[in-house]
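2 protein chains.
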Amino acid sequence: MHVMVIGAAGMIGRKLVEKLGSDAEALGRSIDRLTLVDVVAPPVPAAFASVSNALALDLSDASAAATLASLRPDLIFHLAAIVSGEAEADFEKGYRVNLDGTRSLFEAIRFEGHKEPYTPRLIFASSIAVFGQPFPEKIRDDFFTTPLTSYGTQKAICELLLADYSRRGIFDGIGIRLPTICIRPGKPNKAASGFFSNILREPLVGQEALLPVDENVRHWFASPRSAVGFFVHAARIDTSTIGPRRNLTMPGLSALVGEEIEALRRVAGDKAVKLIRREADPAIRSIVSGWATDFDAQRATALGFKAEANFDEIIKIHIDDELGGKI
Amino acid sequence: MHVMVIGAAGMIGRKLVEKLGSDAEALGRSIDRLTLVDVVAPPVPAAFASVSNALALDLSDASAAATLASLRPDLIFHLAAIVSGEAEADFEKGYRVNLDGTRSLFEAIRFEGHKEPYTPRLIFASSIAVFGQPFPEKIRDDFFTTPLTSYGTQKAICELLLADYSRRGIFDGIGIRLPTICIRPGKPNKAASGFFSNILREPLVGQEALLPVDENVRHWFASPRSAVGFFVHAARIDTSTIGPRRNLTMPGLSALVGEEIEALRRVAGDKAVKLIRREADPAIRSIVSGWATDFDAQRATALGFKAEANFDEIIKIHIDDELGGKI
């Protein structure tokens, strides 16, 4: 099978490629060709050194999508996007990359199918940003998408396109609405959601972290390992059982910041918790107050998608995957 | 006020322009300029002969949208679209006209605002085709849009764009999800929904009409007069009270084909009903079985949008507006 990962240099893209390299059974079929794509050439894992190709190109450039579709991968993971903050700050770039780039890919697959039959599986990274407040206590699978950011709008539009192209048999698509990924590895960043990860990741290595909101803030989480699991599972499921509703809210963990902190205390002790410094930031509190807090992800759960049940698990996954298993 | 109607040669467009011509108070402000746009030059009503301009252009052509936005209308009614059947049969034309044409208009307004502040009110004709089965018994305002046609997909995408552009203050948009319009004036057509109108309109003038489905088929209706009323009301309401959810399911009448027929009997007698010839058409029955049957249009109703309460009213409106008040 020829697998293509677009956005392979991003955090989840890299971890997905690592997973494919370390678990030959991950997709249920062996990978005999791997094409990794991002705006910078993504790293190629050792396991795939002989069958991999790393391409540096921007999906929003005129010929990029046609180049990718002409390679006729059997399975495409499309994770490339600019993030929420940038799409909000730069209207034109957000629509060009997140909407037009994705639509170009979809169109290139359609044109490729005109040459010779071609219907790849396509897994698209969407987001719970397709939802906008006010919310019910738990967001059901049939709740409407009323995004309050341009990023969420672009993702919601791509979901609609994905469903229509799949309905017409142009490709076999699944949209994966990711929860907020926690614990994000790497350095603290300025994303409004960064603190959810920072207050765990930094204390685990003896560093101070800022908490800009109250402990009673609730949000919706999954680990990076679960995110990779969502993509791998989506590549394997029998889409003939899904019907035309191709966009799925992934399962996740609804938890309070206070629950994050108590899990940190259980796993790493009081000394770790003492490294969390409270420094209220009304701007971040205001942004976060508009985010979804809980979902009833029945369809994805019934289809076998899985996430963590508590923050202890999320922290232990981080320790295993990022800290060599010990703190 | 400068008013622009895009799609002014269509059935609802023509009736909207007639209304503006016959009721100087319709919009609450006087119209000192009227620009009518369609792919063929629309007729100009006598009342506006001195202040009207009729333009024949296609919104999906490269410079058309910029031409329209450069006229800087205060209020834009955007009703131009190709219909559901054509958008399904011609994938590229549907996306080009219904999605790219609308997006070009939205972008042209944005660019126009860069020259000098410009925030027109924009009323967009959407459709209940944004919904796809399976449905609850009544579709609530917060039910998700999972269209099962490319037309419905294009309308749902334009709704998302409209909401985002409105949220950003590029224009002041309202999306109007129209019920099936009944009784459509004119000749019987081949649209799958045509029979809902045909079985009333033709017998009212002594002509036979075919009924291809059972009498227990339920659907969602409003008269052409109500459709015009929706657009006029949307132009007048205070959008500061609506919030960011700018797309509204219009009120309508949920009724059985059998109820249509009984209303026809009350208004026009048994001899009219006898002109309905039953001729089952499994293809039409199959298409219609996927359509929405009932809505709980709470938001639009609370905002003052109004439709008919029964089919007797719908038939009487047709007799008044199309048959000179008598049969």
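In the order they appear, the protein sequences are chains Z and F. Going by full-length UniProt numbering, the letters in the first sequence line up with residues 1 to 327, in that order. Going by full-length UniProt numbering, the letters in the second sequence line up with residues 1 to 327, in that order. Glycine included, every Cβ here is placed at the ideal spot set by N, Cα and C. Here the structure is a predicted model, which means the values were calculated and not measured.
For residue i, decide whether its Cβ has a neighbour in chain F, counting only Cβ atoms nearer than 8 angstroms.
i                      : result
residue 156 of chain Z : yes
residue 295 of chain Z : no
residue 153 of chain Z : yes
residue 301 of chain Z : no
residue 146 of chain Z : yes
residue 57 of chain Z  : no
residue 160 of chain Z : yes
Step through the CB atoms of chain Z and report whether any lies within less than 8 angstroms of the CB of residue i.
i                      : result
residue 150 of chain F : yes
residue 169 of chain F : no
residue 163 of chain F : yes
residue 132 of chain F : yes
residue 244 of chain F : yes
residue 332 of chain F : Given a span of 1 to 327 for chain F in the structure shown, any question on residue 332 of chain F remains unanswerable.
Look at the alpha carbon of residue i and the alpha carbon of residue j, and state the distance between them as a whole number of angstroms.
i                      : j                      : result
residue 201 of chain F : residue 80 of chain Z  : 53 angstroms
residue 300 of chain F : residue 236 of chain F : 13 angstroms
residue 8 of chain Z   : residue 128 of chain Z : 21 angstroms
residue 67 of chain Z  : residue 229 of chain Z : 28 angstroms
residue 203 of chain F : residue 276 of chain F : 7 angstroms
residue 43 of chain F  : residue 13 of chain F  : 11 angstroms
residue 293 of chain Z : residue 179 of chain Z : 10 angstroms
residue 52 of chain F  : residue 36 of chain F  : 7 angstroms
residue 306 of chain Z : residue 250 of chain Z : 8 angstroms
residue 164 of chain F : residue 106 of chain F : 11 angstroms
residue 112 of chain Z : residue 159 of chain Z : 21 angstroms
residue 303 of chain F : residue 176 of chain F : 12 angstroms
residue 102 of chain F : residue 60 of chain F  : 8 angstroms
residue 45 of chain F  : residue 18 of chain F  : 7 angstroms
residue 210 of chain Z : residue 85 of chain Z  : 20 angstroms
residue 222 of chain F : residue 255 of chain F : 11 angstroms
residue 273 of chain F : residue 196 of chain F : 14 angstroms
residue 340 of chain F : residue 126 of chain F : Lying outside 1 to 327, the shown extent of chain F, residue 340 of chain F is not represented and no answer is given.
residue 1 of chain Z   : residue 137 of chain Z : 43 angstroms
residue 214 of chain F : residue 268 of chain F : 21 angstroms
residue 205 of chain Z : residue 185 of chain Z : 12 angstroms
residue 291 of chain Z : residue 28 of chain F  : 39 angstroms
residue 5 of chain F   : residue 76 of chain F  : 6 angstroms
From the DSSP secondary-structure annotation, give me the bridge partner or partners of residue i.
i                      : result
residue 89 of chain F  : In DSSP, residue 89 of chain F forms no bridge with anything.
residue 126 of chain Z : Z:177
residue 297 of chain F : Residue 297 of chain F is not bridged to any residue.
residue 33 of chain Z  : Z:2
residue 167 of chain F : Paired residue(s): none; residue 167 of chain F is not in a bridge.
residue 172 of chain Z : Z:121
Can you say whether residue i is buried or exposed, counting buried as having 16 or more other CB atoms within 10 angstroms of its CB?
i                      : result
residue 22 of chain Z  : exposed
residue 146 of chain F : buried
residue 318 of chain F : buried
residue 168 of chain Z : exposed
residue 247 of chain F : buried
residue 328 of chain Z : Any answer about residue 328 of chain Z is impossible in this case: the structure gives chain Z only from 1 up to 327.
residue 38 of chain F  : buried
residue 161 of chain F : buried
residue 323 of chain Z : exposed
residue 207 of chain Z : exposed
residue 133 of chain F : exposed
residue 153 of chain Z : buried
residue 69 of chain Z  : buried
residue 78 of chain F  : buried
residue 50 of chain F  : exposed
residue 241 of chain Z : exposed
residue 258 of chain Z : exposed
residue 278 of chain Z : exposed
residue 219 of chain F : buried
residue 104 of chain Z : buried
residue 117 of chain Z : exposed
residue 25 of chain Z  : exposed
Check whether the Cβ of residue i lies closer than 8 angstroms to any Cβ atom in chain C.
i                     : result
residue 77 of chain F : Of the protein chains in the structure, Z and F, none is chain C.
Would the beta-carbon of residue i be found less than 7 angstroms away from any heavy atom of the ligand PLP?
i                      : result
residue 288 of chain Z : In terms of ligand content, the structure shown is empty, and the ligand PLP therefore cannot be addressed.
Subject >> Uninterrupted beta strand (DSSP E) stretches inside the region 36–111 of chain F (no shorter than 3 residues) >> reply: Secondary structure remark: continuous beta strand (DSSP E) runs of at least 3 residues inside the region 36–111 of chain F, in chain order: 52–56, 75–78.
**OP:** At 3 residues or longer, and completely inside the region 203–281 of chain F: list those beta strand (DSSP E) runs for me, N to C.
**Re:** Counting only runs of 3 or more, we get 209–211, 218–222, 247–249, 253–256, 276–278.
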